[in-house]
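In what follows, a single structure is set out as structure tokens and then discussed.
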Amino acid sequence: MSDADGAWVSLFSGGKDSAWALYRALEAGLPVERLVTVHPAGDSYMYHVPETELAALAAESIGIELLDVEPADFEADAATDSGAQGDAELEPLEAALAELDRDLADGIAGLTAGAVESEYQTSRIRGLCDRLDCDLFAPLWQEPPRDLADAMLAAGFEIEIIQVAAHGLDESWLGRTLDRDAIDELETLHEEYGVHILGEGGEFETFVVDGPHMDRRIALEYETEWAGTRGRVRVTNARLE
Numbered sequence: 001m002s003d004a005d006g007a008w009v010s011l012f013s014g015g016k017d018s019a020w021a022l023y024r025a026l027e028a029g030l031p032v033e034r035l036v037t038v039h040p041a042g043d044s045y046m047y048h049v050p051e052t053e054l055a056a057l058a059a060e061s062i063g064i065e066l067l068d069v070e071p072a073d074f075e076a077d078a079a080t081d082s083g084a085q086g087d088a089e090l091e092p093l094e095a096a097l098a099e100l101d102r103d104l105a106d107g108i109a110g111l112t113a114g115a116v117e118s119e120y121q122t123s124r125i126r127g128l129c130d131r132l133d134c135d136l137f138a139p140l141w142q143e144p145p146r147d148l149a150d151a152m153l154a155a156g157f158e159i160e161i162i163q164v165a166a167h168g169l170d171e172s173w174l175g176r177t178l179d180r181d182a183i184d185e186l187e188t189l190h191e192e193y194g195v196h197i198l199g200e201g202g203e204f205e206t207f208v209v210d211g212p213h214m215d216r217r218i219a220l221e222y223e224t225e226w227a228g229t230r231g232r233v234r235v236t237n238a239r240l241e
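Going by the UniProt record's numbering, 89 is the number at position 89 of the sequence shown; the sequence numbering is gapless.
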């Protein structure tokens with residue numbers, strides 16, 4: 001069981017939402033001692049998928065130790081519905097956090113999470129926190145997406161789009177910086193196609209290459225892959241500047 005004075009752990013993919021949750025936690029003075037990155041082997045209902053290996057560089061720039069939960073930790077699962085798959089996907093993360101809770105001197109006091117509107121993800125993370133007897137810090141939860149996007153840019157986040165999969169998002173969005181012009185366009189696409197402004201429905205995925213919580217910017221070199229209606233960035237080189 002964790003102690004109230006224990007460490008905070010940030011569920012972290014390197015994407016904008018988890019990075020914003022971490023940033024807000026640090027601003028609030030929460031003692032974040034670990035970042036935890038899950039590396040799904042394929043498509044996932046629970047986790048950010050593309051280029052999660054970049055989280056290690058982000059962690060180095062941020063200066064917080066990273067714990068990886070690898071694809072090999074996911075058991076082959078015969079679940080046929082999304083609820084069962086989400087529960088199964090949570091198991092290796094919960095096992096890793098339970099072990100970390102035992103290893104840390106005062107246990108885990110709380111987790112940060114970047115969910116905005118997904119009850120599917122948030123209900124499972126809340127249940128996980130209940131079982132670990134720790135708090136949940138979810139500063140994006142139920143906040144207006146445009147307000148969140150504007151706050152990220154105002155704080156100095158530099159965000160690049162690394163995957164798209166939605167009507168209205170073509171190959172030109174791959175590698176694009178999520179700036180105010182892009183957000184304006186996403187608002188229009190939301191009205192036309194229902195695209196979530198922050199991409200929380202899987203419409204797009206991002207990676208934060210720089211921000212006020214990072215000591216060094218991350219430079220990316222990449223190729224793009226496009227398959228008719230969806231595509232992704234394939235990073236060929238990444239380094240701290």
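Backbone N, C-alpha and C define an ideal beta-carbon position, used for all residues, glycine too.
query, result
"Residue ranges of each alpha helix (DSSP H) within the stretch 156-234, 4 or longer", "180-193"
"From Gly194, Trp8 and Glu117, residue whose alpha carbon lies closest to that of Ile142", "Residue identity differs from the one stated: residue 142 is Gln in this sequence, not Ile. Ranking the options by Cα distance to Gln142, first place goes to Glu117."
"Which listed residue (Ala96, Arg217 and Val208) has its alpha carbon closest to that of Asp179", "Val208"
"Classification of His167 by the beta-carbon crowding that lies within 10 angstroms, buried from 16 upward", "exposed"
"Anticipated Cβ contact below 8 Å, residue 310 with Arg234, distance rounded", "Residue coverage of the chain in this structure runs from 1 to 241, which leaves residue 310 outside it and unanswerable."
"Nearest candidate by alpha-carbon position, reference Ile161, set Arg126, Asp5 and Thr206", "Thr206"
"Neighbour-count burial assignment, Ser172, 16 or more Cβ in a 10 Å radius", "exposed"
"Segment limits, alpha helix (DSSP H) that includes Gly127", "Glu119 to Leu132"
"Whole-Å CB distance - Ile183 paired with His190, under 8 Å assumed", "So it is not a contact: roughly 10 Å between Cβ atoms."
"Same chain, Cβ closer than 6 Å to Arg34, neighbours up to 5 away in sequence not counted", "Val9, Glu65 and Leu67"
"Beta-carbon proximity check, Ala7 vs Asp133, cutoff 8 Å", "no"
"Three-state secondary structure assigned by DSSP to Ser13", "coil"
"Closest residue to Pro92 among Asn237, Leu128, Ser61 and Ala113 (Cα-Cα distance)", "Leu128"
"Element boundaries [alpha helix (DSSP H), containing Glu60]", "Ala55 to Ile62"
"Neighbourhood of Phe157 by C-beta, 6 Å cutoff - its chain only, sequence neighbours within 5 removed", "Val208 and Gly211"
"Proximal residues to Glu241 (C-beta, below 6 Å), its chain only, five neighbours per side dropped", "Arg216, Arg217 and Ala219"
"DSSP beta-bridge partners of Leu240", "Ile218"
"Nearest-angstrom Cα separation, counted from Arg102 out to Trp226", "44 Å"
"For Glu65, three-class secondary structure by DSSP", "coil"
"Simplified DSSP state of Glu33, which is helix, strand or coil", "strand"
"Beta-bridge pairing of Thr112 - partner residues as DSSP gives them", "Ser10 and Phe137"
"8 Å Cβ cutoff met for Thr112 and Ala21", "yes"
"Local Cβ density within 10 Å of Glu203, reported as buried at 16 or more and exposed below that", "buried"
"C-alpha distance - Asp5 paired with Ala109, whole-angstrom precision", "6 Å"
"Coarse secondary structure for Ala76, derived from DSSP in three states", "At Ala76 the pLDDT is 46, less than 50, meaning the model places this residue with poor confidence; the figure from the coordinates comes in the next sentence. Residue state, collapsed to three classes: coil."
"Contacting residues, own chain, Cβ-Cβ under 8 Å from Glu221 (five flanking each side not counted)", "Val235, Thr236, Asn237 and Ala238"
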